[in-house]
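Numbering-wise, our numbering comes out as the position in the sequence shown, counting from 1, plus 140.
Structure first, commentary second.
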Amino acid sequence: MLRTHTCGELRLSDVNKKVVLAGWIDRIRDLGGVKFVMLRDRYGQTQIVLSKDFDLDLKREAVVRVEGVVRERPKDTVNRELPTGEIEVLAERVEVLSSPQRELPFYPGEPNLPSEDVRLKYRYIDLRRKEMTDRIITRHRVAQAVRQYLSSLGFIEVETPFLTKSTPEGARDFLVPSRLKPGTFYALPQSPQLFKQLLMVGGLDRYFQIVRCFRDEDLRADRQPEFTQIDIEMSFVTREDVLETVEGMVRYVFKQVLDIDLAEKFDRLSYQYCLDTYGSDKPDRRIGMEFVNLTEHFKNSDYNVVKNIVENGGVVKGFVVKNFASKMSRKVAEEYETIVKKNGLGGILWFALENEMKGSALKHLKNIYEEISRATRMNQGDVCLMVAGKPTEVNAALGELRKTIGDTHFAHLKVGFDVFWVLDFPMFEYSEEEGRYVAQHHPFTMPNLEDLDRYKDEDLSKIRAQSYDLVINGYEVGSGSIRIHNRDLQREVFRLMQLSEEEIRIKFGFLLEAFQYGAPPHGGIALGLDRLVAIICNVSSIREVIAFPKTASGVCPLTGAPDVVSEQQLRELKIRITGGNEV
């Protein structure tokens, strides 16, 4: 062993012990020839004392091995901020195992960090920072808690293939050419969806997997081309069975990792309620600002512009921003107007309750603003923001406005954990790009059978799915559904999406064949491990909880991936690059 103890382990009870430590030099203080070296590893830091007898050229971030004796620090030098702060090690022998050959681009112990691109390029240095080390350890603890809980309920962890068949329905697949069968391609899985359903057909009634997934899509702050899912599937279950199982798992994770007790039962909200109340299917409820429907109050209004919108089937909705009157100005109103107009509406109406009333709405609402104040439960110092238009556009505009105000002015309210389910999503949504209805979740979701019978020949957008999302603090953390297990029903759903018989056979023939041999009712969910850990660690970007993430443009600054390959590799794959590499 190159060490007997870690750098975060020694205490007063270890005084006079001979120990061997190894780690990185975090910082060096030279006091008249006596050097005090702070040695660091992932467990903590220990102060090393080097007498004048040591003539070593020590550098920060050098890797060293120290043999010495533990001694108590003088009382006036005790560091209460360190677990090891009451002791130090008097070095008897120091061996430099590795020393930096050049100046580091940044030092882990310094507070001022470089840009994210520099941190990702030198991620191995960035990972030495305590914050990053703690996040990676938290990720491990979350994964372990998931495994412990699900295993205790009889779930088994099964690995599914990474090299599989391309069945694109949604995001693009990452394709892998086959050398042995030129002209053919594997696809990296966007999820193990079909394989876990086949496991249910195979009788493995409780499956889970912490699995890497791949999607070739445009990236955002909360997306990566490769990401990790907590994948779960269960046979012979209802929707409520799945929800209760996941609730228990999430409660267990939060208790084990943060020692926090979440609610025994999570709230259940409908998809439509969330849109009507918050303008989002994944709202952050901690900031308040719920929408109020004010349409009835405007039917007798003197403001003809809004009155005409209402008479033509439109709605008027608004929300109250508490204690915001002093911050509301014409300039702020213009910023909010831009958001509203971007969502297809004509403008915004607002007024504030102050000693002197103010706002763009006052001259139009002389006869009803007191009604609106009561309906929205305004108090002195509050502001009411209102818009009018088609219901979908009103919800979208107010939703974006609410989020903007919450992020800008009410971040201090975003404390604790708001966890709830969103239920009854639409089964289908119309794709203007493809000119057909596509599955909002995925085509293997069980539709509400009453809706299917009623609307399949009229309006597919009215068919609800037996699907559900888990939302935490305004993020969709998990998404799942009860699945179709009947061959004829699955084929009907494919046909409603205007897939041809040939497409159905080529893409999903193996699934339909499996359903012929006895498939149990089943359902499941996939939770994003990256997002769950980011919420637990209280960071906004999932890149902060992934050891080696890609940038927002899908590039790995550390390795330079993606990159060109040699002509020899292309010849082996029978592939020729015919175009340039322009983006």
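Just so it is clear, CB atoms sit at the ideal spot from N, CA and C, and this is done for glycine as well.
Here DSSP, grouped into helix, strand and coil, assigns Gln-185 to strand. DSSP places Asp-591 inside the alpha helix (DSSP H), whose first and last residues are 589-595. Annotation: the continuous beta strand (DSSP E) that includes Phe-491 extends over 489-492.
Residue burial annotation: Phe-376 is exposed, with fewer than 16 other C-beta atoms found within 10 angstroms of its C-beta. Apart from the 5 residues on each side of it in sequence, Leu-698 sits with its Cβ closer than 7 Å to the Cβ of Leu-260, Lys-261, Arg-263 and Phe-688 in its chain, given in chain order. Rounded to whole angstroms, the gap between the alpha carbons of Lys-199 and Arg-205 is 14 Å. Put simply, the segment 677-692 does not touch the segment 640-655. Fewer than three CB pairs are less than 8 Å apart. If the five residues before and after Leu-672 are omitted, its C-beta is found closer than 6 Å to the C-beta atoms of Val-617, all from its own chain and listed in chain order.
Its Cα nearest to that of Lys-602, the residue Gln-412 stands out among Gln-412, Glu-540, Gly-148 and Thr-217. Boundaries cannot be given for Gly-294, as no alpha helix (DSSP H) includes it and DSSP labels it neither H nor E.
Cα atoms of Ser-607 and Ile-545: separation of roughly 30 Å, rounded to the nearest angstrom. Taking the Cα of Arg-635 as reference, the smallest distance to any Cα among Ser-621, Glu-590, Ser-681 and Val-578 is reached at Val-578. The segment 479-558 is shown to contain whole beta strand (DSSP E) runs of 3 or more residues at 489-492 and 523-529, in chain order. Just so you know, the alpha carbons of Lys-321 and His-582 end up roughly 30 Å apart. For Gln-241, the number of other beta carbons within 10 angstroms of its own is below 16, and it is reported as exposed. His-581: not part of any alpha helix (DSSP H); DSSP gives it neither H nor E. Beta-bridge partners of Arg-671 (DSSP): none assigned. If you look at Cys-353, you'll find it in the beta strand (DSSP E) that goes 346-354.
A straight-line Cα-Cα distance of about 16 Å links Leu-179 and Lys-158.
When the Cα atoms are used, Ala-473 and Ile-488 turn out to be separated by approximately 8 Å. Non-local beta-carbon contacts of Ser-238 in its own chain, meaning distances under 8 Å to residues more than five positions away in sequence, involve Ala-202 and Val-203 in chain order.
Counting along the chain, Ile-644 sits inside the alpha helix (DSSP H) bounded by residues 641-655.
Distance from the CA of Ser-681 to the CA of Val-695, rounded to the nearest whole angstrom, comes to 16 Å. For Val-611, the three-state secondary structure derived from DSSP is strand. Per the coordinates, the alpha-carbon of Gln-520 lies some 15 Å from the alpha-carbon of Phe-459. The Cβ atoms of Gln-187 and Phe-194 lie no closer than 8 Å to each other.
The shortest CA-to-CA distance from Met-141 to any of Gly-428, Cys-147, Tyr-247 and Val-160 is the one to Val-160.
Straight-line measurement puts the Cα of Asp-442 at about 49 Å from the Cα of Glu-380.
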